[in-house]
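Let me begin by presenting the structure, written as structure tokens, before commenting on it.
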Amino acid sequence: MMDIRRSHPEDELPTVERGGNEAVDGERHQRLWRLVTERAGRRHFPGWAGVVCDVAVDQVDIDAAAISLRSSSRVEELAATSDAWARRLEELQYTAGDGPGVEAFSRGGPVLVTDMATVDQRWPGFVDAAIADGLAAVFAFPLQAGAIQLGTLDLYRHQPGALSADALADATVLADLATTALLTDVAPTRTAPWAREDTPGHYDDVNVATGMLAAQLRISVDDAFLRLRAHAFSTGQAVLEVARAILARQLPSDTFQD
1 MMDIRRSHPE DELPTVERGG NEAVDGERHQ RLWRLVTERA GRRHFPGWAG
51 VVCDVAVDQV DIDAAAISLR SSSRVEELAA TSDAWARRLE ELQYTAGDGP
101 GVEAFSRGGP VLVTDMATVD QRWPGFVDAA IADGLAAVFA FPLQAGAIQL
151 GTLDLYRHQP GALSADALAD ATVLADLATT ALLTDVAPTR TAPWAREDTP
201 GHYDDVNVAT GMLAAQLRIS VDDAFLRLRA HAFSTGQAVL EVARAILARQ
251 LPSDTFQD
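Here the sequence shown is numbered in the UniProt record's numbering, starting from 1 and rising by one per residue.
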């Protein structure tokens with residue numbers, strides 16, 4: 001489980017400073033912030049990260065959005081998605097160990113792909129399956145608070161094409177608000193929606209299953225995770241599915257022997 005601590009009131013979305021973000025247009029920021037807070041008051045509250053995803057779909061020329069916390073290719077937590085399609089694409093990145101969000105996080109800069117058909121082997125584990133699932137364009141933005149990288153905001157679209165200048169500017173501001181949302185959702189006075197064990201995309205089972213494999217096979221945790229991921233990829237399953245099969249004793253450890 002990732003541990004990020006920040007104390008904020010629950011009834012407002014505060015401001016977080018992001019390095020290199022001084023040029024964000026104040027009026028645009030206020031407009032989007034207002035939409036986020038208004039939407040939060042109109043529906044069952046899914047946590048701030050979930051609201052930011054919904055506003056992204058409404059305001060940017062995209063079809064789905066997801067926010068993930070990341071600290072490495074092995075450690076990830078799905079904070080929020082706008083729909084099941086976005087959840088599948090995030091899980092595909094986690095299973096493959098590559099993809100636009102993984103690259104945006106590692107590079108510390110946005111990854112803008114206007115046509116997935118031109119990507120070729122940039123992300124060999126991700127591209128073909130993502131295209132088969134209807135992905136045509138993706139725009140991934142790293143989430144950063146000061147010098148701390150938290151994760152990514154990934155925006156998905158069924159049709160190819162670049163974002164307009166206004167849409168790109170909105171997406172950049174929404175990445176700023178997504179950073180704030182993550183820090184607000186983990187305030188000490190509340191449990192983040194994505195930190196509950198019944199939340200789709202909660203990857204504690206992966207961590208436990210990886211530890212079990214490491215102990216049973218007498219290998220490192222990193223090697224155990226690589227074997228778990230390889231099995232998931234080769235069988236067309238999500239990493240989380242394989243992890244839960246291990247925990248349910250449905251997959252013996254010798255399945256993962258070299």
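Ideal placement from N, C-alpha and C gives every residue a C-beta, glycine not left out.
Element boundaries [beta strand (DSSP E), containing G151]: As a first step, residue 151 is located in the sequence shown; it is residue number 151 there, counting from the start. Here the beta strand (DSSP E) through G151 covers 148–157.
Can you tell me whether I62 is helix, strand or coil according to DSSP? Counting from 1 along the sequence shown, the entry for residue 62 is found at position 62. Reduced to three states, the DSSP call for I62 is coil.
Taking its Cβ as the centre, do 16 or more other Cβ atoms sit within 10 Å of A158, making it buried, or is it exposed? Within the sequence shown, residue 158 is the residue found at index 158, counting from 1. The amino acid at residue 158 is misidentified as Ala; the sequence shows His. H158 comes out exposed.
Bridge-paired residues (DSSP) for L228: In the sequence shown, residue 228 corresponds to position 228, counting from 1. When DSSP reads this structure, L228 sits in no beta bridge, so it has no partner.
When burial is assigned at 16 or more other CB atoms within 10 Å of the CB, is residue 272 buried or exposed? For the chain, the structure presents residues 1 to 258; residue 272 sits outside this window and is missing.
In terms of DSSP beta bridges, what is F126 paired with? Against the sequence shown, residue 126 aligns to sequence position 126. Partner(s): none; F126 has no beta bridge.
Would you mind working out which of C53, R70, A96 sits nearest G236, comparing C-alpha positions? Here residue 236 refers to the residue found at position 236 when the sequence shown is read from its first residue. It is A96 whose Cα lies nearest to the Cα of G236.
Any heavy atom of the ligand FAD closer than 6 Å to the beta-carbon of L213? The model depicted lacks the ligand FAD and carries no ligand whatsoever.
Exposed unless 16 or more other CB atoms sit within 10 angstroms - verdict on D258: As a working note, residue 258 is residue 258 in the sequence shown. D258 comes out exposed.
Restricting to Cα atoms, I'd like to know which of I131, D25, V208 is closest to L89. What you label residue 89 is simply residue 89 of the sequence shown in a count that begins at 1. Among I131, D25, V208, the Cα nearest to that of L89 belongs to I131.
Opposing strand residues paired with E76 [DSSP bridges]: In the sequence shown, the residue the question calls residue 76 occupies position 76. Note: E76 sits in a beta bridge opposite R70.
Residue from F225, L217, A215, T184 whose Cα sits closest to the Cα of D204: Along the sequence shown, one-based indexing puts residue 204 at 204. Among F225, L217, A215, T184, the Cα nearest to that of D204 is on F225.
How long is the line joining the alpha carbons of S220 and R39, rounded to whole angstroms? Locating residue 220 in the sequence shown gives position 220, where the first residue counts as 1. Locating residue 39 in the sequence shown gives position 39, where the first residue counts as 1. Spanning the two alpha carbons is a distance of roughly 45 Å.
So the candidates are A171, A238, D120; which of them puts its Cα closest to the Cα of L32? Start at 1 with the first residue of the sequence shown, and residue 32 comes out as number 32. Of the candidates A171, A238, D120, the one whose C-alpha sits nearest the C-alpha of L32 is A171.
Are the Cβ atoms of L228 and T210 separated by less than 7 Å? Taking the first residue of the sequence shown as 1, we reach residue 228 at position 228. Taking the first residue of the sequence shown as 1, we reach residue 210 at position 210. The answer is yes: Cβ separation under 7 Å.
Separation of D58 from H29, as counted between CA atoms: As a position in the sequence shown, residue 29 is number 29, starting the count at 1. As a position in the sequence shown, residue 58 is number 58, starting the count at 1. H29 and D58: Cα-Cα distance of roughly 15 Å.
Check A23 in the structure and name its three-state DSSP category. Sequence index remark: in the sequence shown, residue 23 carries index 23 (1-based). Here A23 scores only 47 on pLDDT, less than 50, and its place in the model should not be relied on; the value that follows carries that caveat. Here A23 sits in coil by DSSP.
Extent of the continuous beta strand (DSSP E) to which Q144 belongs: Here residue 144 refers to the residue found at position 144 when the sequence shown is read from its first residue. 137–145 is the span of the beta strand (DSSP E), which, as asked, contains Q144.
In the DSSP assignment, what are the bridge partners of T81? By 1-based counting over the sequence shown, the position of residue 81 is 81. Per DSSP, A66.
Nearest to D154 by alpha carbon, out of L247, G47, I62? The residue labelled residue 154 in the question sits at position 154 within the sequence shown. Ranking L247, G47, I62 by Cα distance to D154 puts I62 first.
Where the beta strand (DSSP E) containing L247 begins and where it ends: As a working mapping, residue 247 is identified with position 247 in the sequence shown. Element bounds for L247: not the beta strand (DSSP E) but the alpha helix (DSSP H), 239–247.
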